[in-house]
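Chemist: Attaching a single structure in structure tokens format; questions to follow.
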Amino acid sequence: GREYAAIISAAYISAYAIGRLLAGVIAQSVGSVRAYDIIMGGMFVSLMLLPVTLRGMSHESQESPGCTLFSLLSCVIGLLYGGGQALYYSLVFDVYGAVNYKPAFALLGVGFANAVVVGGLSSAYSFSGRKEGLAARELAETW
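Residue numbers for the sequence shown follow this note's numbering, so the first one is 957 and each next one is one higher.
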């Protein structure tokens, strides 16, 4: 129940923090652009595997294989997300240079903000068939 959720949340946050440290170590050895590519590749694979744990595996109890694999993949995603966050600023600087850093960073910030709005509304709409999602569907349709 709640204890299990608290443990998984703590593990995710810990993995996020470790990912930030690990990304710095990796970026020192291979460069920030290559490290970011590796991290995003791992994130892509992890996110593609996540639905397998949700649809194809058993979730009867917290010890079931589906819950265990879901928890593990969530921590891997947290590790990779933390690494991506840590490298983001240096990646923008390396890709766009010192002269274009500020406008590029501002434009990317606007892009992230739009992604949050569009992603939030589209996920709300996708859950709208359930009783919990009816209010979210109404919000998505008003946009």
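Note that the Cβ used here is the ideal one computed from N, Cα and C, for glycine as well.
Do three or more CB pairs link the segment 995-1010 to the segment 961-971 at distances below 8 Å?
Modeler: no
Chemist: Just curious, the alpha helix (DSSP H) that V1048 is in, first and last residue?
Modeler: P1021 to Y1052
Chemist: So, with DSSP's three-state summary, where would you put G987?
Modeler: Here G987 sits in coil by DSSP.
Chemist: Pull up the distance between the alpha-carbon of W1099 and that of S1078, whole angstroms please.
Modeler: Low local confidence applies: a pLDDT of 49 at W1099 is under 50, so the model's placement there is unreliable, with the coordinate-based value given in what follows. Taking the straight line joining both Cα atoms gives about 11 Å.
Chemist: Taking all protein chains shown into account, do 16 or more other C-beta atoms lie within 10 angstroms of the C-beta of Y960, making it buried, or fewer, making it exposed?
Modeler: exposed
Chemist: Secondary structure at G1012, three-state DSSP: helix, strand or coil?
Modeler: coil
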